[in-house]
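Protein chains in written order, with my numbering: chain A, 4 to 108; chain B, 24 to 149. All remarks here apply to the structure that follows.
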Amino acid sequence: DIQMTQSPSSLSASVGDTVAITCRATQDIYMFLNWYQQRPGKAPRLLIYAAASLRSGVPSRFSGHASATGFTLTINTLQPEDFATYYCQQTYSVPPTFGQGTTVE
Amino acid sequence: EVQLLESGGGLVQPGGSMRLSCAASGFNFNNYAMTWVRQAPGKGLEWVSTISGGGGETFYADSVKGRFTVSRDRSSSTQYLQMTSLTTEDTAVYFCAKEAYSDFRTGQLYTRITEWGQGTRVTVSS
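Below is the structure:
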């Protein structure tokens with residue numbers, strides 16, 4: 004199985020900050036990488052798919068990037084509703100594994 | 024509007040069985056693969072199972088293979104997860120989810136979960 008590791012596990016930020024969350028896989032997953040946001044007590048929702056494609060309706064302050072060292076989710080100008088837990092998920096192979104999550108607090 | 028409504032959760036004893044249902048509406052159910060994802064208390068997301076839009080292909084996590092069975096009924100637009108031989112490790116909120124495509128072609132299609140239900144809680148305890 005492909006293991007996904009996110010860093011950091013949590014981060015402290017303020018409204019207006021720019022934050023970056025990284026996700027690395029134990030093998031090459033090309034661009035088969037999704038990002039989800041989960042607010043406390045709620046279901047997750049899709050933000051980014053194919054590593055860098057913004058899901059329709061998701062604010063443009065969210066962006067995804069792939070590089071040789073891994074994948075990054077960046078949130079520009081953090082808003083109050085962005086304080087949540089973020090998960091990456093690889094869909095290169097079954098099982099489609101999730102990272103352990105990064106909490107923005 | 025897409026809606027996914029889970030039901031069937033609750034308390035069950037170790038070794039017991041339970042069937043979860045997910046009633047879907049707001050989209051052509053037959054055209055999309057459906058997935059179950061679970062989340063143990065205070066933990067992260069764990070993919071459990073996916074069934075293709077036509078129902079002919081099913082996929083399972085190793086942790087549930089041989090104990091859980093996913094199915095779908097096109098006449099009622101409902102997805103099911105039959106769970107047997109439950110252990111305390113299966114305690115979690117189970118989310119029903121809609122995939123982006125009918126086929127679950129990891130590594131070929133940019134598959135992703137586009138819609139989620141609110142989840143149903145399963146507690147395995149004596």
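Ideal Cβ positions, reconstructed from N, Cα and C, are used throughout, including at glycine. Keep in mind it's a predicted model, so treat the numbers as computed, not measured.
With DSSP as the reference, please indicate the residues paired to residue i in a beta bridge.
i: threonine 106 of chain A; result: A/Ser13 and A/Thr88
i: serine 7 of chain A; result: Checking the displayed sequence, the identity of residue 7 of chain A turns out to be methionine instead of serine. Beta-bridge pairing links methionine 7 of chain A to A/Ala28.
i: alanine 120 of chain B; result: B/Thr58 and B/Trp139
i: asparagine 37 of chain A; result: A/Gln92
i: leucine 76 of chain A; result: A/Ile24 and A/Gly67
i: leucine 57 of chain A; result: A/Ile51
With DSSP run on the structure shown, which of helix, strand or coil describes residue i?
i: threonine 111 of chain B; result: helix
i: phenylalanine 50 of chain B; result: coil
Under 9 Å Cβ-Cβ, which residues of chain C neighbour residue i?
i: tyrosine 89 of chain A; result: Although the question refers to chain C, the structure presented lacks it and instead comprises the protein chains A and B.
From the options, pick the residue whose C-alpha is nearest to that of residue i; which is it?
i: glutamate 24 of chain B; options: B/Lys121, B/Thr134 and B/Asp126; result: B/Lys121
i: arginine 128 of chain B; options: B/Leu43, B/Tyr117, B/Ala56 and B/Asp85; result: B/Ala56
i: glutamine 40 of chain A; options: B/Glu112, B/Phe82, B/Gln102 and B/Glu138; result: B/Glu138
i: phenylalanine 50 of chain B; options: B/Gly32, B/Gly76, B/Pro64 and B/Ser72; result: B/Gly76
i: valine 97 of chain A; options: B/Ser99, B/Lys88, B/Leu109 and B/Thr143; result: B/Lys88
i: serine 125 of chain B; options: B/Ser72, B/Asn53 and B/Arg90; result: B/Asn53
i: tryptophan 59 of chain B; options: B/Tyr117, B/Val35, B/Leu109 and B/Glu80; result: B/Tyr117
i: alanine 115 of chain B; options: B/Ala47, B/Gln131, B/Lys66 and B/Glu29; result: B/Lys66
i: glutamate 80 of chain B; options: B/Trp70, B/Leu68, B/Gln26 and B/Ser94; result: B/Ser94
i: serine 56 of chain A; options: B/Val147, B/Arg144, B/Val145 and B/Arg135; result: B/Arg135
i: tyrosine 89 of chain A; options: A/Ala53, A/Glu108 and A/Ser63; result: A/Glu108
i: aspartate 1 of chain A; options: A/Thr100, A/Pro43 and A/Thr106; result: Any question about residue 1 of chain A goes unanswered here, given that chain A covers just 4 to 108.
i: alanine 69 of chain A; options: A/Ile24, A/Pro11 and A/Gln6; result: A/Ile24
i: glutamine 141 of chain B; options: B/Val35, B/Arg97 and B/Arg61; result: B/Arg61
i: threonine 111 of chain B; options: B/Arg97, B/Gly31 and B/Ser86; result: B/Ser86
i: glutamate 69 of chain B; options: B/Leu27, B/Cys119, B/Gly130 and B/Gln131; result: B/Cys119
Segment contact, 8 Å Cβ cut-off, at least three pairs: the region 71-80 of chain A with the region 39-46 of chain B: no
Three-pair Cβ contact test at 8 Å for the region 30-47 of chain A versus the region 11-20 of chain A: no
Three-pair Cβ contact test at 8 Å for the region 18-25 of chain A versus the region 102-109 of chain B: Pairwise C-beta distances place the region 18-25 of chain A out of contact with the region 102-109 of chain B, as fewer than three of them are shorter than 8 Å.
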